[in-house]
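*Asks:* Below: one structure in structure tokens.
In our numbering, the protein residues as written are 6 to 373.
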């Protein structure tokens with residue numbers, strides 16, 4: 006009897022200790038979350054690129070952080086409808102803008118890309134598609150851009166568009182950033198791929214065990230681990246996160262990007278449309294003004310390798326429908342708000358170039 010009481014006393018002490026430890030761990034995890042929110046919270050509206058417009062820029066990023074996503078067959082994810090001060094997402098999950106007054110229904114121009122085409126950092130009226138529409142002052146312009154989409158996902162979205170019976174006079178792909186940024190991380194082991202492969206494996210195929218681990222991680226360790234990773238990322242001996250530099254993987258990322266463009270071109274032209282592929286700008290390439298940014302040097306090295314490989318392929322093939330805009334933002338103006346996203350002035354530079362291409366091709370067609 007005495008031994009049983011002693012055992013129960015030990016178990017009680019152990020239980021109390023474990024409960025206290027878990028409470029302290031949960032509090033520490035909560036505090037770490039507050040710390041990371043202050044360190045990693047949205048501050049892009051304070052950058053010099055938004056000088057004089059910081060209050061409106063804050064509203065832009067408020068809307069940006071308010072959006073949610075759903076599963077989208079084949080392309081993997083798509084935005085849910087949303088209506089805010091600076092952002093409108095329709096029932097089809099596409100960002101919309103007000104067309105020019107009196108614009109005709111034709112030509113129909115479809116834009117595909119990631120968050121840069123979608124317009125992260127700008128309001129509805131100053132995305133690339135909206136600015137092109139405004140400058141052309143005619144036709145129907147549809148923005149298919151989605152956050153983090155790479156060229157393969159854009160190809161899948163294009164196929165789905167045609168499958169639904171939609172038509173296109175012109176299709177524009179604006180790619181490069183997400184192919185490198187989200188395929189070069191060393192956790193992406195299989196190509197083609199996308200940024201959420203590791204998460205999908207855990208969430209969809211992890212089973213009950215993974216669900217329990219996820220709940221425990223969220224409660225007790227997630228933010229603590231983020232703080233540790235944040236501190237490690239500031240050191241000189243931080244672990245490598247990317248594996249495209251001077252590698253077959255980097256060459257494959259570049260090759261697959263161009264092959265996706267080729268398949269899109271074949272599909273669009275077979276349907277009687279015109280296809281334009283654009284290698285988009287990135288802060289790591291060329292000589293843009295970036296003294297206001299803290300960029301990841303390792304990611305930059307991987308980007309330059311992939312972009313060099315893409316440009317070699319472009320140069321060899323010399324396809325008239327592929328256009329290299331990778332250094333479109335060279336100069337002294339503050340355009341970038343991070344390694345790839347830009348202000349409305351950056352979008353206007355790209356829109357002007359695209360309008361020149363579209364009007365040039367129209368003039369050639371008229372001559373013929």
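Glycine is no exception: its CB is placed at the ideal position from the N, C-alpha and C atoms.
Would you decide whether residue 183 is buried or exposed? Buried here means 16 or more other CB atoms lie within 10 Å of its CB.
*Replies:* Counting Cβ neighbours within 10 Å, residue 183 comes out buried, since at least 16 surround it.
*Asks:* Considering only the beta carbon of each residue, do residue 144 and residue 105 sit closer than 7 angstroms?
*Replies:* No, the pair does not count as a contact, with Cβ atoms beyond the cut-off.
*Asks:* Taking just the CA atoms, how far does residue 283 sit from residue 352?
*Replies:* Approximately 14 angstroms, taken between the alpha carbons.
*Asks:* Count the C-beta pairs between the segment 80 to 95 and the segment 242 to 260 that are closer than 8 angstroms, then say yes if the count reaches three, no if not.
*Replies:* No, the segment 80 to 95 is not in contact with the segment 242 to 260.
*Asks:* Would residue 84 and residue 74 be called neighbours here (beta carbons separated by less than 7 angstroms)?
*Replies:* In contact: residue 84 and residue 74 (Cβ atoms closer than 7 angstroms).
*Asks:* Along the chain, which unbroken stretches of the beta strand (DSSP E) at least 3 residues long are found entirely within the segment 110 to 182?
*Replies:* With a minimum length of 3 residues, the continuous beta strand (DSSP E) runs that stay inside the segment 110 to 182 are 113 to 118, 145 to 148 and 175 to 180.
*Asks:* Threshold first: 3 residues or longer. Then list the beta strand (DSSP E) segments lying entirely within the segment 260 to 348, N to C.
*Replies:* Runs of the beta strand (DSSP E) inside the segment 260 to 348: 279 to 284 and 327 to 329.
*Asks:* Would residue 32 be called buried (16 or more neighbouring beta carbons within 10 Å of its own) or exposed?
*Replies:* Classification of residue 32: exposed, given that the 10 Å Cβ count is below 16.
*Asks:* Quick one: what's got a C-beta closer than 7 angstroms to residue 62's C-beta in the same chain, skipping five residues either side?
*Replies:* Excluding positions up to five away in sequence, the list reads 50 and 55.
*Asks:* Considering just the uninterrupted stretch of the alpha helix (DSSP H) at residue 61, what are its terminal residues?
*Replies:* Run containing residue 61: 59 to 69, per the alpha helix (DSSP H) assignment.
*Asks:* Can you say whether residue 155 is buried or exposed, counting buried as having 16 or more other CB atoms within 10 angstroms of its CB?
*Replies:* So residue 155 ends up on the buried side.
*Asks:* Measure the Cβ-Cβ separation of residue 148 and residue 178 and say whether it is below 7 angstroms.
*Replies:* Result no, Cβ atoms of residue 148 and residue 178 do not sit closer than 7 angstroms.
*Asks:* Does the beta-carbon of residue 138 have 16 or more other beta-carbons within 10 angstroms, so that it is buried, or is it exposed?
*Replies:* The residue is buried, with at least 16 neighbouring Cβ atoms inside 10 Å.
*Asks:* So residue 175 and residue 114 are supposed to be a Cβ contact under 8 angstroms. How far apart are they, rounded?
*Replies:* Contact holds; Cβ gap of about 4 angstroms.
*Asks:* Work out the CA separation of residue 29 and residue 160 for me, nearest whole Å.
*Replies:* The straight-line gap from Cα to Cα measures roughly 49 angstroms.
*Asks:* Quick one, are the C-beta atoms of residue 314 and residue 254 less than 7 angstroms apart?
*Replies:* No; because the gap between Cβ atoms is not below 7 angstroms, this pair is not in contact.
*Asks:* Round the Cβ separation of residue 119 and residue 150 to the nearest angstrom and send it over; I've been treating them as touching at under 8 angstroms.
*Replies:* Residue 119 to residue 150, Cβ: 6 angstroms. Contact.
*Asks:* Figure out for me which residue from 362, 335, 185 and 274 has the closest Cα to the Cα of residue 350.
*Replies:* For the residues 362, 335, 185 and 274, the minimum Cα distance to residue 350 belongs to 335.
*Asks:* Rounded to a whole number of angstroms, what is the C-alpha to C-alpha distance between residue 190 and residue 310?
*Replies:* Between residue 190 and residue 310, the C-alpha separation is close to 14 angstroms.
*Asks:* Can you have a look at residue 373 and say buried or exposed, based on whether 16 or more other CB atoms are within 10 angstroms of its CB?
*Replies:* For residue 373, the predicted structure reports a pLDDT of 30, less than 50, and the residue's modelled location is therefore unreliable. The matter cannot be settled from this model.
*Asks:* For residue 307, which residues of its own chain have a beta-carbon under 6 angstroms away from its beta-carbon, when the five flanking residues on both sides are left out?
*Replies:* 189, 247, 249 and 250, listed in sequence order.
*Asks:* Do residue 157 and residue 301 have their beta-carbon atoms positioned less than 7 angstroms apart in this structure?
*Replies:* No. Outside cutoff.
*Asks:* Beta carbon of residue 258, beta carbon of residue 345: below 7 angstroms?
*Replies:* Not a contact, by the Cβ cut-off of 7 angstroms.
*Asks:* Measuring CA to CA, which of 122, 325 and 271 is closest to residue 101?
*Replies:* It is 122 whose Cα lies nearest to the Cα of residue 101.
*Asks:* Helix, strand or coil for residue 371, going by three-state DSSP, please let me know.
*Replies:* In this prediction, residue 371 scores a pLDDT of 39, lower than 50, which makes its location untrustworthy; no coordinate-derived value is stated.
*Asks:* Using alpha carbons as the reference points, say which of 262, 292, 140 and 298 lies closest to residue 364.
*Replies:* Nearest option by C-alpha distance: 140.
*Asks:* Can you tell me the Cβ-Cβ gap for residue 262 and residue 163, rounded? I've got them flagged as a contact below 8 angstroms.
*Replies:* Not really, about 15 angstroms apart at Cβ, beyond 8 angstroms.
*Asks:* Could you tell me how far apart the beta carbons of residue 5 and residue 362 are, in whole angstroms, since I believe they sit closer than 8 angstroms?
*Replies:* The chain is shown only over 6 to 373; residue 5 falls outside these bounds and no answer can be derived.
*Asks:* Compute the distance between the beta-carbons of residue 354 and residue 126, then report whether it is under 7 angstroms.
*Replies:* No. Outside cutoff.
*Asks:* Might you give, ordered along the chain, the residues of its own chain that have their beta carbon closer than 7 angstroms to the beta carbon of residue 268, omitting 5 neighbours on each side?
*Replies:* Here the set comprises 160.
*Asks:* Using the Cα positions of residue 278 and residue 260, report the straight-line distance between them to the nearest angstrom.
*Replies:* Distance between the alpha carbons of residue 278 and residue 260: 24 angstroms.
*Asks:* List the DSSP bridge partners of residue 94.
*Replies:* According to DSSP, which records beta bridges pairwise, residue 94 is partnered with 87 and 100.
*Asks:* Would you list the one or two residues that DSSP bridges to residue 190?
*Replies:* Paired residue(s): 247.
*Asks:* Helix, strand or coil for residue 11? Go by DSSP, reduced to three states.
*Replies:* Residue 11 falls in the helix class under three-state DSSP.
*Asks:* If you draw a straight line from the alpha carbon of residue 358 to that of residue 185, how long is it in whole angstroms?
*Replies:* The alpha-carbon atoms of residue 358 and residue 185 are separated by roughly 23 angstroms.
*Asks:* Given residue 291, which residues of its chain have a CB within under 6 angstroms of its CB, disregarding the five upstream and five downstream residues?
*Replies:* Contacts found: 332 and 335.
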